[in-house]
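**Q**
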Amino acid sequence: MGDDETAETTRVMTSLGARLRAIRQARGLTLAQLGAATGISVSTLSRLESGQREPALRHLLPLARAHRLPLDELVGSRTGDPRVHPRPFTRHGQTWIPLTRNPNDGLHAYKQILPAPPAARTRSTLRPDQGSHEGHEWIYVLSGRLLLALGDRDLVLSAGETAEFDTRVPHGIANAGDGPVEWIALYGAQGERMHIRVQPAGD
């Protein structure tokens with residue numbers, strides 16, 4: 040990583056840490072109280088808020104729950120101008136809407152949309168191709184029905200349901216309903232490369 044990329048990563052981590060501190064203070068919580076609510080140690084919370092530690096899913100998910108905030112709101116804003124101006128794009132039949140704007144490696148949030156599927160489907164045509172890679176992913180379904188094929192299991196998630204999983208387990212997603220399905224996904228850098236930048240065979 041070059042000096043410019045290192046500086047940008049440090050700036051983003053510091054601004055996210057400042058946001059985490061502002062949210063906690065606005066709710067009148069001490070680090071000890073937030074630690075008790077999330078199971079995260081006070082020392083780790085302090086390092087996250089100071090930008091000395093990069094947050095992972097295991098930190099952000101309990102923080103979002105404790106603050107009762109959508110995860111994209113927790114990670115998608117920063118100090119200065121908090122607005123993100125997303126540029127939707129399409130990959131593998133999905134519409135992707137970026138909710139974060141850090142161009143470097145790190146956590147990235149997207150709103151994703153799969154259109155209504157063909158009328159005639161069988162289980163074999165519904166089940167998606169699977170891939171695996173290092174890391175974790177987190178998804179939250181906004182509307183519709185999402186099929187998460189995780190290993191040998193097929194899980195159907197409806198609006199308001201959440202899943203977090205180890206991406207070393209083979210996984211894939213498909214539309215399990217009759218209309219469009221929309222969800223928010225949080226990816227680490229490797230997961231983002233696998234899902235966006237690498238074209239699957241046959242594409």
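Quick note on numbering: the sequence shown equals residues 40 to 242 in our numbering. Just so you know, even glycine gets a beta-carbon here, dropped at the ideal spot from N, CA and C. The model shown is predicted, which means the values in this text are computed figures rather than measured ones.
Where DSSP assigns a beta bridge to Leu225, which residues make up the other side?
**A** Here residue 225 refers to the residue found at position 186 of the sequence shown. In the DSSP output, where bridge partners are listed per residue, Leu225 has Ala148 and Trp177.
**Q** Taking three-plus beta-carbon pairs below 8 angstroms as touching, is the region 191 to 202 in contact with the region 124 to 139?
**A** The region 191 to 202 vs the region 124 to 139: no contact.
**Q** Have a look at the DSSP bridge pairing and note the partners of Arg184.
**A** On the sequence shown, residue 184 is found 145 positions in, with the first residue counted as 1. Paired residue(s): Ser197.
**Q** Could you check which residue in Leu108, Glu173 and Ile62 has the C-alpha nearest to that of Arg207?
**A** In the sequence shown, the residue the question calls residue 207 occupies position 168. Looking at the Cα atoms, Glu173 is the closest of the given residues.
**Q** In the DSSP assignment, the beta strand (DSSP E) including Ala213 goes from what residue to what residue?
**A** Translated into the one-based positions of the sequence shown, residue 213 becomes position 174. Element bounds for Ala213: His210 to Asn214.
**Q** Report buried or exposed for Leu108, applying the criterion of at least 16 other Cβ atoms within 10 angstroms of its Cβ.
**A** Position 69 of the sequence shown, counting from 1, holds the residue named residue 108. Result: exposed.
**Q** According to DSSP, which residues form a beta bridge with Arg130?
**A** For this step, residue 130 is matched to residue 91 along the sequence shown. Per DSSP, Gln133.
**Q** Return helix, strand or coil for Ala76, following the three-state DSSP convention.
**A** Numbered from 1 along the sequence shown, position 37 holds the residue referred to as residue 76. Correct three-state label for Ala76: helix.
**Q** Skipping 5 residues on each side, what residues in its chain have a beta carbon closer than 8 angstroms to that of Ser80?
**A** Residue mapping note: residue 80 aligns to position 41 of the sequence shown, counting from 1. Gly74, listed in sequence order.
**Q** From the DSSP output, in three-state form, read off Arg192 for me.
**A** Counted from its first residue, the sequence shown places residue 192 at position 153. Correct three-state label for Arg192: strand.
**Q** Which residue's Cα is closest to the Cα of Ala95: Glu176, Ile152 and Phe128?
**A** Here residue 95 is taken as the residue at index 56 of the sequence shown, counted from 1. Ranking the options by Cα distance to Ala95, first place goes to Glu176.
**Q** Since Gln169 and Ala224 should fall inside the 8 angstroms C-beta cutoff, what is the C-beta to C-beta distance between them, to a whole number of angstroms?
**A** For the purposes of this step, residue 169 is identified with residue 130 of the sequence shown, where counting begins at 1. For the purposes of this step, residue 224 is identified with residue 185 of the sequence shown, where counting begins at 1. Not quite, the Cβ-Cβ distance comes to about 16 angstroms (not below 8 angstroms), so this is no contact.
**Q** Ends of the alpha helix (DSSP H) at Pro154?
**A** Taking the first residue of the sequence shown as 1, we reach residue 154 at position 115. First-last for Pro154: undefined, no H or E at that position.
**Q** Just checking my contact of Gly90 with Gly56 at CB under 8 angstroms: how many whole Å lie between their CB atoms?
**A** Walking along the sequence shown from the start, residue 90 turns up at place 51. Walking along the sequence shown from the start, residue 56 turns up at place 17. Confirmed, about 4 angstroms.
**Q** For Gly275, name the three-state secondary structure that DSSP assigns.
**A** Summary: the structure shown does not reach residue 275, with the chain confined to residues 40 through 242, and so no result is reported for it.
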